[in-house]
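**Student:** For what it's worth, the numbering used here labels the leading residue of the sequence shown as 418, then goes sequentially.
Virtual Cβ for every residue (Gly too), placed ideally from N, Cα, C.
A single structure is presented below for examination.
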Amino acid sequence: MAIEQVQPLIFRVPSVLGPRRFAQWLVVGDERLLLVDSGIDGTIAEHVTPALQEIGRTPADITDVVVSHADVDHYGGNGELRRTAPRARIRSSVEDRPWIESWPVISRERYGWYRRHGLDYDEGTWQWLEQAAGPDTPLDGTVADGETIDLGGITVEVVALPGHSPGHIGVVHHESGTLIVMDAVLERGLYTTSDELISPPPYDSVEAYRGTIDRLRSLRPARLGTSHYAPVEGGAAVTAFLDASAAFVDDLDAVVDAELGTAPAPLEHFWRAGDAALGPFSEMAVELARSVGAHLDHAVANGRAVTSVDARGRQVWGAA
Ligand SMILES: [Zn+2]
């Protein structure tokens with residue numbers, strides 16, 4: 418089965434990406450058809466097109482695409498959409514747009530962020546990221562928090578859910594309590610299809626990520642539509658998912674705090690402590706360093722830590 422009907426007009430397109438679950442979402446109105454995320458380069462042909470066929474549609478029917486955020490597994494199908502879905506207007510948040518449109522920019526600023534701290538992905542991961550990103554594809558515009566998309570018979574609203582990326586957005590269908598959140602909240606990390614924890618939850622701002630968890634709670638969703646998790650269905654499951662996401666942030670904050678000593682240390686020190694305490698993570702493990710960096714920024718902002726550059730030119734953090 419290439420498609421799952423979650424609500425009368427809301428569908429999940431399930432697949433597997435490497436070791437983990439993967440999904441895009443469709444909202445099918447009378448007049449317009451919305452796709453949330455285009456996957457990696459290849460996802461449109463391999464998964465979205467067969468899914469649409471099961472409901473008697475084709476990519477040519479797609480009128481709207483909302484890209485939730487700037488990660489290759491969420492926008493890499495944009496080039497395919499240009500070829501197969503000529504009516505599709507592809508949009509993202511204004512914040513994430515420059516990364517989504519340019520491999521040189523995202524590879525330097527998002528995926529290459531770790532290098533300034535002496536950390537990096539391995540060569541195989543870099544090759545996979547570049548291939549998955551597909552060809553650079555200009556977007557048609559941006560969407561912002563509160564904007565509604567009337568598809569004919571069903572209207573959804575764009576909601577800003579920053580933290581995992583600066584401009585992460587989701588799509589809400591208020592009437593059914595369906596929140597398509599993609600990677601905006603990431604529980605205690607990413608799991609294999611057999612529920613083994615393998616990758617950390619990356620976020621670049623502690624305040625923004627916590628704010629997103631709180632905002633999602635306030636919307637009282639009946640279900641969450643994610644990219645990489647089994648369906649989160651029902652209020653109790655939603656609460657457990659959000660509680661686990663919040664607990665991870667609290668736990669990592671405590672680990673980083675405990676490691677702040679009188680001898681200032683580089684990011685790698687705090688990252689290794691976080692990985693040991695909350696992992697160990699076997700895939701994309703370096704991405705925990707992004708969250709750890711966010712906690713260190715947070716500690717500096719709250720006066721708990723001070724940062725400086727040591728004699729070797731590395732940024733280091735110690736107790737205030
Ligand atoms: Zn992501």
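1) So G494 packs on D553, CB below 8 Å; how close in whole Å?
2) Going by C-alpha to C-alpha distance, which of A419, I571 and R437 sits closest to P431?
3) Is H581 near ligand 1, in the sense that its beta carbon is under 8 Å from a heavy atom of that ligand?
4) Between S644 and ligand 3, is there a pair consisting of the residue's CB and a ligand heavy atom that are separated by less than 8 Å?
5) Where do the N-terminal and C-terminal ends of the beta strand (DSSP E) with F698 fall, by residue?
6) Run the proximity test for D660: is its beta-carbon closer than 8 Å to any non-hydrogen atom belonging to ligand 1?
7) Is DSSP giving D513 helix, strand or coil here?
8) Taking H712 as the reference, give the member of E624, G558 and R438 with the closest Cα.
9) Could you check how far apart the C-beta atoms of R506 and D557 are, in whole angstroms? I think they sit under 8 Å.
10) Output needed for L607: all residues of its chain with C-beta closer than 7 Å, excluding positions within five of it in sequence on either side, in chain order.
11) Would the beta-carbon of H486 be found less than 8 Å away from any heavy atom of ligand 1?
12) Given a threshold of 16 other Cβ atoms within 10 Å of its Cβ, counted over all protein chains shown, does G642 qualify as buried or as exposed?
13) For ligand 1, I want to know if D458 counts as a neighbour, meaning its beta carbon is within less than 8 Å of at least one of the ligand's heavy atoms.
14) Give the C-beta separation of R721 and D674 to the nearest angstrom, bearing in mind that I take them to be a contact with Cβ-Cβ under 8 Å.
15) Tell me whether D667, by its Cβ, gets closer than 8 Å to a heavy atom of ligand 1.
16) Exposed or buried, H591, counting other C-beta atoms within 10 Å across all chains shown (16 or more means buried)?
17) Decide if T475 is buried, meaning its Cβ has at least 16 other Cβ atoms within 10 Å, or exposed.
18) Distance, Cα to Cα, H486 vs E512?
19) Assuming contact is defined by CB atoms lying nearer than 9 Å, are H585 and L596 in contact in what I supplied?
20) Using DSSP bridges, identify the partner residues of I597.
**Tutor:** So, to answer that:
1) About 13 Å; that fails the 8 Å criterion.
2) A419
3) yes
4) With respect to ligand 3, the structure shown offers nothing to examine, as its ligands consist of ligand 1.
5) Counting along the chain, F698 falls outside any beta strand (DSSP E), and DSSP gives it neither H nor E.
6) Flag unset: Cβ of D660 not near ligand 1.
7) coil
8) E624
9) Contact between R506 and D557 holds, since their C-beta atoms are separated by about 5 Å, short of 8 Å.
10) R437, I615, S616 and H645
11) yes
12) So G642 counts as buried.
13) no
14) 7 Å
15) Relative to ligand 1, D667 has its C-beta separated by 8 Å or more from all heavy atoms.
16) exposed
17) exposed
18) About 9 Å.
19) Not in contact: H585 and L596 (Cβ atoms no closer than 9 Å).
20) Bridge partners of I597: V588 and G642.
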